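Asker:
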């Protein structure tokens, strides 16, 4: 069954917010976009699980002194086992503007997004890096 327009827009907004928060170095607000057991795999040798480990991603992004930017695109969503789980596939194009702008990496992301009450949260993001 196709994802409803409301759910698609909510997930798109969540992922846009995800990019803004990490780029602005707002670790506390970025962590709020995740479930308590949220997992990010692919950007570090081992998956990062839970709030304390996930903050490593924001710290890595901050190595560019606030000049790294993520741009999410080509979002495709489908429901998982229930309408409270969405499988979101998207590209995350990452640039670094420290020295006038350069390509950093293109990540092919497969995320599991879950509905918790009225909110959508990232449960897992598996990123396959095409260049770094």
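Numbering (this note's numbering), first residue to last: 876 to 1007.
Virtual Cβ for every residue (Gly too), placed ideally from N, Cα, C.
Here the structure is a predicted model, which means the values were calculated and not measured.
What does the Cβ neighbour count give for residue 952, buried or exposed, with the cut at 16 atoms within 10 Å?
Answerer: Position 77 of the chain shown, counting from 1, holds the residue named residue 952. By the Cβ-count criterion, residue 952 is buried, with 16 or more other Cβ atoms from all chains shown falling within 10 Å of its own Cβ.
Asker: Name the DSSP beta bridge partners of residue 987, please?
Answerer: Residue numbering aside, residue 987 sits at position 112 when the chain shown is read from its first letter. Residue 987 is bridged to 962, 999.
Asker: Name the residue from 908, 936, 964, 878 whose alpha carbon lies nearest to the alpha carbon of residue 892.
Answerer: To locate residue 892, count along the chain shown from 1; it is residue 17. Looking from the CA of residue 892, the closest CA among 908, 936, 964, 878 belongs to 908.
Asker: Pull the bridge partners of residue 977 from the DSSP assignment, please.
Answerer: Residue numbering aside, residue 977 sits at position 102 when the chain shown is read from its first letter. Within the DSSP secondary-structure output, residue 977 pairs in a beta bridge with 971.
Asker: In chain order, what residues of the same chain lie with their CB nearer than 6 Å to the CB of residue 969, ignoring the 5 residues before and after it?
Answerer: To locate residue 969, count along the chain shown from 1; it is residue 94. Result list for residue 969: 945, 979, 980, in chain order.
Asker: Look up residue 913 in the DSSP assignment and say whether it is helix, strand or coil.
Answerer: In the chain shown, residue 913 corresponds to position 38, counting from 1. Looking at residue 913 - three-state DSSP - the assignment turns out to be strand.
Asker: Could you tell me which residues DSSP puts in a beta bridge with residue 924?
Answerer: In the chain shown, counting from the first residue as 1, residue 924 sits at position 49. According to DSSP, which records beta bridges pairwise, residue 924 is partnered with 914.
Asker: For residue 929 versus residue 906, is the C-beta spacing smaller than 7 Å?
Answerer: Within the chain shown, residue 929 is the residue found at index 54, counting from 1. Within the chain shown, residue 906 is the residue found at index 31, counting from 1. Against a cut-off of 7 Å, the Cβ pair of residue 906 and residue 929 comes out as a contact.
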